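Colleague:
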Amino acid sequence: MTLSELHCIMAAGFCGMPLAILAMILNLGAHDHHLLTANLMTVPAGLGMAKLLLPETLKAPLASAAPRPLVK
29 MTLSELHCIM
39 AAGFCGMPLA
49 ILAMILNLGA
59 HDHHLLTANL
69 MTVPAGLGMA
79 KLLLPETLKA
89 PLASAAPRPL
99 VK
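In our numbering, the protein residues as written are 29 to 100.
(1) For alanine 93, count the other beta carbons within 10 Å of its own beta carbon; 16 or more makes it buried, fewer makes it exposed. Which is it?
(2) Using a threshold of 7 Å, state whether the C-beta atoms of alanine 40 and leucine 68 are closer than that.
(3) Pick helix, strand or coil for proline 89, following the three-state DSSP scheme.
(4) Our contact map puts leucine 80 next to threonine 30 with C-beta atoms below 8 Å; I'd like the distance itself, whole angstroms only.
(5) Under the three-state reduction of DSSP, which class applies to alanine 78: helix, strand or coil?
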């Protein structure tokens, strides 16, 4: 796994809003469809920013491995 791939996984993980925070904001009177839409839009935006900040420059070590047969 390259550093860029690790950065993308970490960025996508930190982009989403935890359900406890969503429930707390909903109890304060926010509209649920706005929160759900905003929560779904953060992951692609985070992945885009992660790729802009740390682009893929190396080839992944597993990408060059020969494919293994499914059945022997």
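All C-beta atoms, glycine included, are put in the ideal place defined by N, C-alpha and C.
In this text the structure is predicted, and so the values were computed from the model without any measurement.
Modeller: Quick look at the numbers:
(1) The residue given as residue 93 occupies position 65 in the sequence shown. So alanine 93 counts as exposed.
(2) As a first step, residue 40 must be located in the sequence shown, where it is residue number 12. As a first step, residue 68 must be located in the sequence shown, where it is residue number 40. Their beta carbons are not under 7 Å apart, which means alanine 40 does not touch leucine 68 by this criterion.
(3) Mapped onto the sequence shown, residue 89 falls at position 61. DSSP places proline 89 in helix when its eight states are reduced to three.
(4) Counting from 1 along the sequence shown, the entry for residue 80 is found at position 52. Counting from 1 along the sequence shown, the entry for residue 30 is found at position 2. Approximately 16 Å separates the beta-carbon atoms of leucine 80 and threonine 30; this is outside 8 Å, ruling out the contact.
(5) Position 50 of the sequence shown, counting from 1, holds the residue named residue 78. DSSP places alanine 78 in helix when its eight states are reduced to three.
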